[in-house]
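Yeah, the sequence shown ends on 167 if you go by the numbering used here, and it's all consecutive.
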Amino acid sequence: MNKSLSTRKKSDINVTHVFDPKNIAVLESEDRKTWQNVDEILELIELKQNYLVADLGCGSGYFTIPFSYKVKKIYGIDVQKEMLDFLEKKIQHCNLNNIELLLSKEDKIPLEDQSVDLLITVNTLHEFRTKEKVIGEIQRVIKSGGKAIVIDFMKKNMDFGPP
């Protein structure tokens with residue numbers, strides 16, 4: 005586990021801001037590539053074609069779809085059905101068959117113990133009220149020797165992102 009995650013103060017744990025699905029266009033905008041380029045991030049990750057991957061807080065599928073071309077299977081997991089419905093349309097449009105969408109509860113990842121080689125969560129950890137529980141869930145679903153990648157906003161005022 006990343007030491008910085010395990011040493012956070014209790015006062016940092018309950019801060020939450022859930023993305024509003026009405027703003028899904030922000031997740032899909034071309035501008036996003038300027039501050040979060042999925043292709044550059046994918047180049048930094050050692051992926052194997054036989055990997056089972058989970059995208060926790062998959063949202064519109066900004067990472068889910070590109071990952072699907074590089075791995076055996078990816079689970080797109082989100083707590084908001086509206087996000088999964090949007091992603092389902094993208095999956096059908098792209099004619100992909102290695103993505104499984106799962107509706108989750110906030111503090112429970114709907115996967116078996118040690119079931120994925122890699123879990124990625126992008127711009128979502130700040131949304132969870134019980135970060136310690138979610139980190140425990142991430143550890144639970146990752147296979148022995150597997151990895152978790154957490155990408156999130158810095159805790160500072162910015163022109164975009166959570167307050």
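Don't be surprised by glycine CBs; every beta carbon is placed ideally from N, CA and C.
If you're wondering where the values come from, they're calculated on a predicted model, not measured in any experiment.
Nearest C-alpha to Y66 among M87, L56, G150, Q53: M87.
Beta-carbon to beta-carbon, V120 and L56 are separated by about 5 Å, close enough to satisfy the 8 Å threshold. For V42, the enclosing alpha helix (DSSP H) begins and ends at 42-48. Pairing S64 with I45, the inter-Cα distance amounts to about 17 Å. About 14 Å separates the beta carbons of E136 and K112, which is beyond the 8 Å limit, so they are not a contact pair. The beta carbon of K76 sits closer than 7 Å to those of Q53, N54, Y55, L56, N102, all from its chain and outside the five residues before and after it, given in chain order. When DSSP reads this structure, V57 sits in a beta bridge with I78, L122. Cβ neighbours of V42 within its own chain (closer than 8 Å, five residues either side excluded): Y66, F67, P70. As DSSP reads the structure, V154 sits in a beta bridge with T125. A Cβ-Cβ contact shorter than 8 Å links T125 with L60. Between the C-alpha atoms of Q84 and K74 there is a straight-line separation of about 25 Å.
Annotation: E86 is outside any beta strand (DSSP E); the continuous alpha helix (DSSP H) that includes it extends over 85-98.
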